Amino acid sequence: MKKILFLFISLIVLYLMMDYQAYYYGFGNGWLSKKIPSGYHILFAGSDLGDQGIIIEENNMNGYLVRKDEVIEIENSPKILIKKITDYFFTSHDIIVGLNDSEGNNKKIKIGIRPVNKKWKEEHYFEEVFKINKNYKHINLNKSLLYFKYFKLLKNLVLIFLIIVFIILVIKYFLFLLFKIIDKYSSKMK
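Numbering (our numbering), first residue to last: 18 to 207.
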């Protein structure tokens, strides 16, 4: 019983560490931390979404804002075709995405929100940033797609194993209680 309990606690710690690391890189919903402003969500598009890699989207179901092979229109600049998202910078209100365009140039694009009308309608706009303030936190996403795939797979396997160990622990505990009750009533019958 002590070994299973130790294994269970170890798996919880391992899973929470992996969960924090996964959310640090931007995919999945972290249990321990939130890395970006509340209006945005970062997800990892694996084989279920065509191996696109990191995608930044809105929380209000309007769709993707920044993703691989998408054309975005930057204010006072020509349109950019995104080839890869390399990193992002964020504060509690702003997010700046580092990306490589179709020509191989590294650009930093700020995603902003502005009101459209008086009925609380808002729209997102993209603006190129040339200097980033030190108040922004930086997250490097410049890793291979296989790294994110295998890390996500390992995290999910640890979660499955954690659930199995928890079920075994609960069953052992109830069996222990059942045998205690049976032993108690059998001693009274004698």
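The beta-carbon is built from N, C-alpha and C at its ideal position, and this holds for glycine as well.
All values reported here derive from a predicted model rather than from experimental measurement.
Contact belief for residue i with residue j at Cβ below 8 Å, rounded distance in angstroms
| i | j | result |
| --- | --- | --- |
| V88 | I102 | So it is not a contact: roughly 14 Å between Cβ atoms. |
| Y142 | G129 | 5 Å |
| I99 | D118 | 7 Å |
Backbone CA spacing between residue i and residue j [nearest angstrom]
| i | j | result |
| --- | --- | --- |
| I185 | Y32 | 18 Å |
| F183 | F25 | 7 Å |
| G115 | Y190 | 51 Å |
| L22 | I188 | 13 Å |
| M93 | E144 | Here the sequence assigns Asn to residue 93, which means Met is not the residue at that position. Answer to the nearest angstrom: the Cα atoms are 8 Å apart. |
| V83 | Y167 | 23 Å |
| I199 | Y57 | 56 Å |
| N152 | K197 | 60 Å |
| L170 | L194 | 36 Å |
| D86 | K154 | 26 Å |
| L192 | K19 | 15 Å |
| M206 | V30 | 46 Å |
| N134 | L158 | 36 Å |
| W48 | P95 | Legend: pLDDT at W48 = 47, less than 50; position of this residue unreliable, value from coordinates given subsequently. Distance between the alpha carbons of W48 and P95 is about 39 Å. |
Nonlocal neighbours in the same chain, by C-beta distance under 7 Å from residue i, ignoring five residues either side
| i | result |
| --- | --- |
| I149 | F106, I113, K125 |
| L28 | V175, F178, L179, V182 |
| S203 | none |
| K136 | none |
| T108 | N152, Y153 |
| I91 | I97, I126, F143, E144, E145 |
Distance CB(residue i)-CB(residue j) smaller than 9 Å
| i | j | result |
| --- | --- | --- |
| D104 | I156 | yes |
| K172 | M35 | yes |
Close beta carbons around residue i, own chain, < 6 Å, minus the five adjacent residues each side
| i | result |
| --- | --- |
| P132 | E139 |
| K127 | I113, E144, V146 |
Contact with chain D by residue i, beta-carbon distance below 9 Å
| i | result |
| --- | --- |
| F196 | In the structure shown, chain D does not exist; there is a single protein chain. |
Nonlocal neighbours in the same chain, by C-beta distance under 8 Å from residue i, ignoring five residues either side
| i | result |
| --- | --- |
| N123 | T103, G115, L116, N117 |
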